[in-house]
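J.: Provided herewith is a single structure, encoded as structure tokens, for subsequent inquiry.
Numbering (our numbering), first residue to last: 113 to 530.
Structure follows, in structure tokens:
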């Protein structure tokens, strides 16, 4: 018996300006999905039927997506439940100060169901996972808490991820919060074990730990937390609760995500988990879908990614349009244009003579004639006039007020007007 909380209130500061009007989990992905669709689909496929989605920052887009797309299929009913919990509905009636505070304010929803396990998952990663296998591992270890983790190269993990050090029985013995020099895996020294931010708690343990954390003084000064963790907390699972549990000898185990196998895959397939923490990560995760054999298989009929599918006509290509290695969603009309290695979400109109390469058009936009777009992300509801050039001259893009990422991806935000 499992209850799941999905933390959907992420701000996504490093993804600005794409997150100026939406929470990170509401970002469009892959032509027809939103980022949150991946964790919700994983929970549904894992036969978890009581799911609470916690929202906070710019929740409108995310809430509309769930209410219009998910609730009609998996909403309140005898067998399924996905329920939105905005911050204002918390028992303490206030904005969440951290991930642990978010769960603390809504712990009654877990308590009233008396589950064996409480899963707490983030909503801002791209991956496929059978969560029931992690929960089985949790039960077999008689753990108080189980953390899912994935091996990541040392240089990539440095200063970016929480790092877990385990013994030969997968028991957590040390937790490093975004270290500059992560502790390597003993038998695989080029890699370290990084937390995915996904947890399986015993209910009673979770409640006890939330009470302990709640009674500490709230601070955003993490140096103060580090020097006096018994009295101060930022109310975050990774930074506060887990180190506190470890220090008091709780039984914490680590589930290696590499051991996870989903229906429809084979044992030779590598597991896939992508953090889309910044603009370049987000861009590359989308572009990876265009490869002949992408790292993640979104065409697995036995592990479908559910979403709110916009009701639109099939895509149409006319006047000699050329489409090469691209994903084109419903509602698009490509007229005499060339689309190469790009993703076009719903309802994009592209006119004659235009060339779009290595780009992600997020949908509901029109692109004029004889326009060139290269290595760019175009947010929703943008009109691009005839003869516009985007992504060729990065300095010109910056002078226009557009954002250019560290790896040279030009971002056109939804409120931009040419």
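Cβ coordinates follow ideal geometry from the N, Cα and C atoms, glycine included. Keep in mind the model is a prediction, meaning the values are calculated, not measured.
Using 8 Å for Cβ pairs, my map puts residue 370 next to residue 383. What's the rounded Cβ distance?
T.: Confirmed, about 6 Å.
J.: From the DSSP output, in three-state form, read off residue 121 for me.
T.: Three-state DSSP puts residue 121 in coil, outside helix and strand.
J.: Assuming residue 325 and residue 343 make a contact with CB atoms under 8 Å, what is their CB distance in whole Å?
T.: Not confirmed; about 12 Å, so no contact.
J.: Excluding five sequence neighbours on each side, which residues of the same chain lie with their C-beta closer than 7 Å to the C-beta of residue 493?
T.: 476, 477, 526
J.: Please report the residue range of the alpha helix (DSSP H) in which residue 290 lies.
T.: Run containing residue 290: none; DSSP gives neither H nor E here.
J.: Which first and last residues belong to the alpha helix (DSSP H) in which residue 398 is found?
T.: Element bounds for residue 398: 391–400.
J.: Using the DSSP secondary-structure output, state which residues sit across from residue 463 in a beta bridge.
T.: In DSSP, residue 463 forms no bridge with anything.
J.: Are three or more beta carbon pairs between the stretch 228–248 and the stretch 146–159 nearer than 8 Å?
T.: yes
J.: Per DSSP, residue 157 is paired with what?
T.: Residue 157 pairs with nothing; no bridge assigned.
J.: Indicate the three-state DSSP secondary structure (helix, strand or coil) for residue 309 in the structure shown.
T.: strand
J.: Hey, could you find the ends of the alpha helix (DSSP H) residue 601 is sitting in?
T.: The question about residue 601 has no answer, for the chain in this structure spans 113 to 530.
J.: Per DSSP, what are the beta-bridge partners of residue 434 in this structure?
T.: 450
J.: Does the structure place the stretch 310–318 close enough to the stretch 204–222 that three or more beta carbon pairs sit under 8 Å?
T.: yes
J.: With 16 as the cutoff for other CB atoms within 10 Å, does residue 495 come out buried or exposed?
T.: exposed
J.: Would you mind giving the Cβ-Cβ distance between residue 255 and residue 160, rounded to the nearest angstrom? I have them listed as a contact below 8 Å.
T.: The pair is not a contact, with the Cβ atoms about 18 Å apart (cut-off 8 Å).
J.: Going by alpha carbons, who is nearest to residue 359 out of 285, 301, 413?
T.: 285
J.: What number of angstroms, rounded off, separates the C-alpha of residue 504 from the C-alpha of residue 521?
T.: Using only the alpha carbons, I get a separation of about 10 Å.
J.: Given a cut-off of 8 Å on the beta-carbon distance, is the pair residue 533 and residue 124 in contact?
T.: For residue 533 there is no data in the structure shown, the boundaries of the chain being 113 and 530.
J.: So, with DSSP's three-state summary, where would you put residue 469?
T.: In the displayed model, residue 469 falls within a strand according to three-state DSSP.
J.: Just tell me which of 261, 257, 216, 208 has its CA closest to the CA of residue 229.
T.: It is 257 whose Cα lies nearest to the Cα of residue 229.
J.: With H, G and I counted as helix, E and B as strand and the rest as coil, what does DSSP make of residue 379?
T.: Secondary structure of residue 379 (DSSP, three-state): coil.
J.: If you check the beta carbons only, do residue 402 and residue 438 fall under 8 Å apart?
T.: Cβ distance < 8 Å, so residue 402 and residue 438 count as in contact.
J.: Please list the terminal residues of the continuous alpha helix (DSSP H) segment that includes residue 186.
T.: 183–186
J.: Comparing alpha-carbon positions, which option in 314, 296, 297 lies nearest residue 251?
T.: 314
J.: Counting C-beta neighbours from all protein chains within 10 Å, is the total for residue 361 16 or more, i.e. buried, or is it exposed?
T.: exposed
J.: Thinking residue 216 and residue 311 are a contact (beta carbons under 8 Å), I'd like their distance in whole angstroms, please.
T.: Not really, about 14 Å apart at Cβ, beyond 8 Å.
J.: Tell me the DSSP secondary structure of residue 286 in three-state form.
T.: strand
J.: Could you round the C-beta distance between residue 367 and residue 289 to whole angstroms and report it? I think they count as a contact, below 8 Å.
T.: With a contact defined as Cβ atoms closer than 8 Å, residue 367 and residue 289 miss out at about 20 Å.
J.: Consider the C-beta atom of residue 345 and the heavy atoms of the ligand ZN; say whether any pair is separated by less than 7 Å.
T.: This structure simply doesn't include the ligand ZN, nor any ligand for that matter.
J.: Cβ atoms of residue 291 and residue 275: under 8 Å apart, would you say?
T.: yes
J.: Specify, as a first and last residue, the run of the alpha helix (DSSP H) that residue 131 falls within.
T.: Neither: residue 131 is in no alpha helix (DSSP H) and is coded neither H nor E.
J.: Between residue 465 and the rest of its own chain, which residues show a CB-CB distance below 6 Å, the 5 nearest in sequence each way excluded?
T.: 481, 482
J.: Output the distance between the C-alpha atoms of residue 265 and residue 304, rounded to the nearest integer angstrom.
T.: 6 Å
J.: Report the three-state DSSP secondary structure of residue 211 (helix, strand or coil).
T.: helix
J.: Among 155, 137, 450, which residue has its Cα nearest to the Cα of residue 416?
T.: 155
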